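Since the structure comes first, as structure tokens, the remarks are kept for the end.
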Amino acid sequence: MLRYVLRRLLTAIPTLFVIVTISFFLMRAAPGGPFNQEKGLNPVIKANLERVFHLDQPLWKQYLLYLNNLIHGDFGPSYNLPDFTVAELFADSLPISIQLGGSALVLALLLGGILGIIAALHQNKPADYAVIATATAGSTVPTFVIAPLFQLFFALTLKWFPVGGWGDGALVNKVGPVLTLMLPQLAIVARLMRGSMIESLRSHHIRTARALGLSDYSVVIRHALRGALLPIISYAGPAAAALLTGSIIVETIFSIPGVGRYFVEGALNRDYTLVMGTVVVIAVFTIVFNLIVDILYAVVDPRVRYD
Numbered sequence: 001m002l003r004y005v006l007r008r009l010l011t012a013i014p015t016l017f018v019i020v021t022i023s024f025f026l027m028r029a030a031p032g033g034p035f036n037q038e039k040g041l042n043p044v045i046k047a048n049l050e051r052v053f054h055l056d057q058p059l060w061k062q063y064l065l066y067l068n069n070l071i072h073g074d075f076g077p078s079y080n081l082p083d084f085t086v087a088e089l090f091a092d093s094l095p096i097s098i099q100l101g102g103s104a105l106v107l108a109l110l111l112g113g114i115l116g117i118i119a120a121l122h123q124n125k126p127a128d129y130a131v132i133a134t135a136t137a138g139s140t141v142p143t144f145v146i147a148p149l150f151q152l153f154f155a156l157t158l159k160w161f162p163v164g165g166w167g168d169g170a171l172v173n174k175v176g177p178v179l180t181l182m183l184p185q186l187a188i189v190a191r192l193m194r195g196s197m198i199e200s201l202r203s204h205h206i207r208t209a210r211a212l213g214l215s216d217y218s219v220v221i222r223h224a225l226r227g228a229l230l231p232i233i234s235y236a237g238p239a240a241a242a243l244l245t246g247s248i249i250v251e252t253i254f255s256i257p258g259v260g261r262y263f264v265e266g267a268l269n270r271d272y273t274l275v276m277g278t279v280v281v282i283a284v285f286t287i288v289f290n291l292i293v294d295i296l297y298a299v300v301d302p303r304v305r306y307d
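Taking the working numbering, the leading residue of the sequence shown gets 1, the next gets one more, and so forth.
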């Protein structure tokens, strides 16, 4: 297992290199630049800014400079927030996104898993139909619809929660974003768990366990659930990377100072270093969580071996 983990970590290096390279040149290919304002800057000021940030140099040299800084852990300064580096912005915003995304993921896995098990145990019965209907609605309604509806009903009408803002991390400020992030994931997890649990309950070893007189609890929780968890684990890896690095739409609607907001601002303002930093962080999270998924596969399913 250790050799496998080391191999995966080594293969992550060229993967990150390819992601950084493609993202760098795609950003530069987009029209406009960080200092192209609507009214236009004084040409002398613009030239000085481009010289300070090395934007007056050939593209290949800018690329090599960025790679060199990235290798040393330097994401560079923000072009549109010159008082801060990208690392400083992430130091403040990433923990916020992790709090929201982590809470949403844990709730989605727990509640979605429970609903999926209930639906599988009551297949083609009212409880099953209710779970399927709820899951279908939750997976089809986008977050940019759920978030305003939450604000309209629970914040403006009932006044139970604030419309938006972080509020120093107060619980009432987290409820709206967490629920909005959770609902689509809960729906997907419930449907995955239902399907995999039905398949697991029909397998030969479950029939053998029932024939041996094991209790329903032992059959479902100790035997069927273990096999049914594999699709959930596969889905949880990329979902965790997406949620923990911030949801662009949710953080924008609720005015949450997370990573997603900076990604939007960076893209609109052509803040190259800020967008590149966000891409690198998301790529690292994706690679790490996919590795964790592979390790959990071997833990849950003893038939999986990587040696």
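Ideal Cβ placement from N, Cα and C applies to all residues, glycine included.
This one's a predicted model, so the numbers in the text were calculated from it and none came from an experiment.
- Note on geometry: alpha-carbon atoms of Val-106 and Ala-29 lie some 39 Å from one another.
- Contact between Phe-150 and Leu-179 holds, since their C-beta atoms are separated by about 7 Å, short of 8 Å.
- C-alpha of Leu-65 to C-alpha of Val-52: approximately 13 Å in a straight line.
- DSSP, reduced to helix, strand and coil, places Pro-77 within a strand of the structure shown.
- Bridge pairing for Thr-157: absent [DSSP].
- By a beta-carbon distance limit of 8 Å, Phe-289 contacts Gly-237. Their separation comes to about 4 Å.
- The straight-line gap separating the alpha-carbon atoms of Thr-278 and Ala-104 is approximately 20 Å.
- Of the candidates Leu-110, Thr-15, Ile-232 and Met-276, Met-276 places its Cα closest to the Cα of Phe-90.
- CA-CA distance, Thr-21 to Leu-109, rounds to 35 Å.
- Residue range 171 to 201 is occupied by the alpha helix (DSSP H) that includes Lys-174.
- Rounded to whole angstroms, Arg-8 and Ala-120 show a C-alpha spacing of 36 Å.
- For Thr-136, DSSP records no beta bridge to any residue.
- Here Thr-143 really is in contact with Ser-247; their C-beta atoms are around 7 Å apart, less than 8 Å.
- In this structure, the alpha-carbon of Leu-6 lies about 43 Å from that of Asp-128.
- Contact annotation: Ala-228 and Phe-285 have beta-carbon atoms that are not nearer than 8 Å.
- Within 10 angstroms of the beta-carbon of Thr-157 lie fewer than 16 other beta-carbons, which makes it exposed.
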